[in-house]
Amino acid sequence: MIRVELPHHLRTLARVNGEVELRIEGAVTQRSVLDALEANYPMLRGTIRDHVTQVRRPFLRFFACGEDLSHELPDAALPNAVATGAEPFVVMGAIAGG
Amino acid sequence: MSEVRVLVGTRKGAFVLTSDGKRERWDVSGPHFAGWEIYHVKGSPVDPNRLYASQTSAWFGQIIQRSDDGGKTWMQPGTPAGEPTTTPDGTPKAESNKFVYDGVPGTHQWYDGTQHPWEFKRVWHLEPSLTDPDTVYAGVEDAALFRSTDGGKSWHELSGLRQHDTGPKWQPGAGGMCLHTILLDPKNPERMSIAISAAGAFRTDDGGKTWKPINRGLHSQYIPDPTAEVGHCVHRIAMHPSRPNVLFMQKHWDVMRTDDAGESWREVSGNLPSDFGFPIDIHAHEPDTIYVVPIKSDSEHFPPDGKLRVYRSRSGGNEWEALTKGLPQRDCYVNVLRDAMSIDLLDSCGVYFGTTGGQVYASTDSGDTWNPIVRDLPAVLSVEVQTLP
């Protein structure tokens, strides 16, 4: 299972506590993880990436295994530790006050 | 016994304030959607327990929330809690936060005069239909008008407005290029007026297919031609349902009035201490009694002399009196934003407004005296009042 860690406000919207677990067939990439996340939690569509362009919203970042993956290509393979479920794929809100 | 429900949108959540018809003791519920900017919450005139809320965030974008029980519980339309989030064929439900412009969005004028692409940012104002609880209009930034006919599950642009020939001349005000006012004509279902900062007012007489600017008589010194067809920073327009052809406008500068549904406007600022301000509203039973909150200037955005004063005209403009009893008359530097004033329909008309300091003030005697319902909310973005049987 792929583990996804969401920021507080998105956990509230999705009505989940803690991490989300997703089953993904095939390559584990940003796109396949977010596709699976949005399929299971459609209320999150548009909150992480744009409805139409599918581009990551500018105040969100993607981290895993201590690395910033925000600027990796959406179809690039995520680290093996994410694919095996050893480490979560983290969706993080940018620190921007508020 | 009547009940009054005040729907308050703030920078950090929504609050629902309720009282009986005496309006002396208030129950405060919230924050709903804690931590999110709630630009507007408004109820359906035909089903007052049907509420729509615009929940927004610079991080996570736009969310539409709906309540069917007067604000006790909320849901994103299309995805009720506990129900499968996909249809049997696997298609994800819930497109309630999808606001996509029709066709190629094109460009409008940017602050520096160059052209800039239209980009959806948020919903500023939700206006439920006068006849159908499932139909609701949304005024958005960058300026456009959307409509849902399925209770907020899906949204479609009335693109004749944004595609008006003058679109490339529209420009953002300090708050962004927002469509903030939607007036539905109770006597003519085909007629609707809207206002945009900073483009001006527009009217449709064919249910939203085509639009025309209705800005004749407006004067704005911050555009090259102060009397241009568009480019005016309208802050708010108010209409009394008994007299839909008479509109009152608070503009970036000047309070204006039209008696012919916007064909021509005239200034009625009269003796106001400043003719800058944001909200404007009309007494429930006296269509010539109007309320504004003068603000010192466009660069300072606080009340003149540190005194929070509502000004009332009982003559449809020009002659104004300051209403001060119960409002802070020293060291007050809050603002009152354009959607943050509303009235109730009780015999002794109630007037309500919220401030950027987090106070919501209420008057139960048409503005003669004021009391705070709450004092310490987050900055108030919007106030709507429902009068319930």
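Line by line, the protein sequences are chains V and E.
42 is the number of the first residue of the first sequence in this note's numbering; add one for each residue after it.
865 is the number of the first residue of the second sequence in this note's numbering; add one for each residue after it.
Yeah, the Cβ is synthetic: ideal placement off N, Cα and C, and Gly gets one too.
- The stretch 866 to 874 of chain E makes no contact with the stretch 116 to 124 of chain V; the number of CB pairs closer than 8 angstroms stays below 3.
- For ARG98 (chain V), the C-beta contacts it makes with chain E under 8 angstroms involve TRP923, PHE924 and GLY925, in order along the chain.
- Closer than 8 angstroms to the CB of GLY87 (chain V) there is at least one CB belonging to chain E.
- For CYS1196 (chain E), the closest of E:LYS1171, E:ASP1203, E:THR1219 and E:ILE1060 by C-alpha to C-alpha distance is E:LYS1171.
- Straight-line spacing of the CA atoms in LEU871 (chain E) and HIS989 (chain E) works out to 13 angstroms.
- Cβ-Cβ distances below 6 angstroms link ASP1240 (chain E) to GLY1222 in the same chain, with the five nearest sequence neighbours on each side left out; the list follows chain order.
- When 8 angstroms is used as the limit between beta carbons, VAL93 (chain V) is near these residues of chain E: VAL964, in chain order.
- Interface residue (Cβ-Cβ distance to chain V less than 8 angstroms): GLY899 (chain E) is classified as such.
- Under the three-state reduction of DSSP, ALA55 (chain V) is assigned to helix.
- DSSP places VAL1132 (chain E) in no alpha helix (DSSP H); its state is neither H nor E.
- Inter-segment contact for the stretch 972 to 989 of chain E and the stretch 1004 to 1020 of chain E is present: three or more beta-carbon pairs are separated by less than 8 angstroms.
- Contact annotation, ARG1202 (chain E) with HIS1083 (chain E): C-beta distance approximately 20 angstroms; criterion of less than 8 angstroms not satisfied.
- The beta carbon of ASN961 (chain E) falls within 8 angstroms of a beta carbon belonging to chain V, placing the residue at that interface.
- Contact check for ILE902 (chain E) against SER918 (chain E) passes: the beta carbons are separated by less than 8 angstroms.
- Scanning its chain for C-beta atoms nearer than 6 angstroms, with the 5 sequence neighbours on each side dropped, one finds around LYS985 (chain E) the residues GLU1005, in chain order.
- By the neighbour-count criterion, in which a residue is buried when 16 or more other Cβ atoms sit within 10 angstroms of its Cβ, PRO99 (chain V) is exposed.
- Between GLY1180 (chain E) and ILE1154 (chain E), the gap from beta carbon to beta carbon is short of 8 angstroms.
- Rounded to whole angstroms, the gap between the alpha carbons of HIS1104 (chain E) and ILE1146 (chain E) is 6 angstroms.
- Between ARG889 (chain E) and GLY1214 (chain E), the beta carbon gap of about 14 angstroms keeps them out of contact (Cβ cut-off 8 angstroms).
- The Cβ-Cβ distance between ILE89 (chain V) and VAL69 (chain V) does not fall below 8 angstroms.
- For ARG72 (chain V), there is no enclosing beta strand (DSSP E); the residue is part of the alpha helix (DSSP H) that begins and ends at 71 to 81.
- The C-beta of HIS50 (chain V) comes closer than 8 angstroms to at least one C-beta of chain E.
- Considering only V:GLU66, V:LEU47 and V:GLY67, the residue with the shortest C-alpha distance to ASN58 (chain V) is V:LEU47.
- The residue among E:ASP976, E:VAL964, E:TYR965 and E:THR999 with its C-alpha nearest the C-alpha of LEU915 (chain E) is E:THR999.
- Nearest in C-alpha terms to ASP911 (chain E), of all of E:GLY885, E:SER993, E:GLU983 and E:THR874, is E:SER993.
- Rounded to whole angstroms, ILE928 (chain E) and TRP1034 (chain E) show a C-alpha spacing of 26 angstroms.
- If you look at ALA1002 (chain E), you'll find it in the beta strand (DSSP E) that goes 1000 to 1005.
- The C-alpha of HIS112 (chain V) is placed about 22 angstroms away from the C-alpha of GLY126 (chain V).
- Listed along chain V are MET84, each with a C-beta nearer than 7 angstroms to that of GLN940 (chain E).
- E:ALA1002 is the residue among E:ASP1029, E:ALA1002, E:HIS1028 and E:LEU1043 whose C-alpha sits nearest the C-alpha of SER1018 (chain E).
- Between HIS1165 (chain E) and the set E:ASP1208, E:TRP1184 and E:SER1138, the nearest pair of CA atoms involves E:SER1138.
- Under DSSP, ILE1144 (chain E) forms a beta bridge with E:VAL1156.
- Residue contact with chain E for GLY126 (chain V): absent (no Cβ-Cβ distance below 8 angstroms to any residue of chain E).
- At a cut-off of 8 angstroms, the C-beta of LEU63 (chain V) has no neighbouring C-beta in chain E.
- About 4 angstroms separates the beta carbons of GLY935 (chain E) and VAL880 (chain E), which is inside the 8 angstroms limit, making them a contact pair.
- Under the 8 angstroms criterion on CB atoms, LEU101 (chain V) is classed as interfacial with respect to chain E.
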